[in-house]
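Inspection log for the structure reproduced underneath, given as structure tokens.
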Amino acid sequence: MNVKEYTNQLQNFGYRLTTPRTEILKVLSTTKPLSTKEVFAFLKKNGSQVDIVTTYRTLELFEKLGFIRKIQLEDKTSRYELIGASHHHHLVCMKCKNIEDVQVEEGLLLNQIKKQSRFRVEKHALEFFGICGNCQRL
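Right under this line is the structure:
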């Protein structure tokens with residue numbers, strides 16, 4: 003979805019379309035996954051008047067509404083990304099903290115879970131932690 007579709011959905015859910023909400027959606031739509039502090043810094047750098055508390059609350063709302071996905075890093079830092087059309091997973095560099103999207107066929111894994119347990123998977127997230135190519139060269 004694009005920013006306009008998210009803003010329409012926000013209004014359909016009965017929420018006001020505020021400048022901070024629109025600005026945060028724009029930031030998330032044009033960048034890689036960001037922490038709350040990175041979103042805030044990006045907004046400030048671009049002249050926004052949004053404060054850090056509003057940034058936290060807006061990201062919390064967007065997660066509750068299913069607009070964004072939280073990516074939990076090893077160091078307990080959370081990053082957020084808009085939920086796009088394509089389902090994907092992440093490669094997280096443990097040195098530089100860069101996050102790359104990766105497409106993985108998880109069908110075999112889900113079938114194995116189904117066969118081995120009485121567990122019905124509703125949703126899942128996979129993050130692979132390692133060292134990216136750039137950091138390996140250093």
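Using the working numbering, read the sequence shown as starting at 3 and increasing by one per residue.
Yeah, the Cβ is synthetic: ideal placement off N, Cα and C, and Gly gets one too.
In this structure, DSSP gives Lys72 an extended state, which the three-state scheme calls strand.
In the three-state reduction of the DSSP assignment, Ser31 falls in the helix class, which pools H, G and I. Secondary structure at Phe64: helix, using DSSP grouped into helix, strand and coil. Beta-bridge pairing by DSSP links Val94 to Ile101, Phe131. Contact between the stretch 80-95 and the stretch 122-134 is present: 3 or more CB-CB pairs across the two stretches fall below 8 Å. In the DSSP assignment, Tyr82 falls within the unbroken beta strand (DSSP E) covering 80-84. Tyr8 is a Cβ neighbour of Leu27, given a cutoff of 8 Å.
With contacts defined as CB atoms closer than 8 Å, Leu67 and Phe15 qualify as a contacting pair.
When the five nearest sequence neighbours on each side are left out, the beta carbons in the same chain lying within less than 6 Å of the beta carbon of Glu102 are those of Leu93, in order along the chain.
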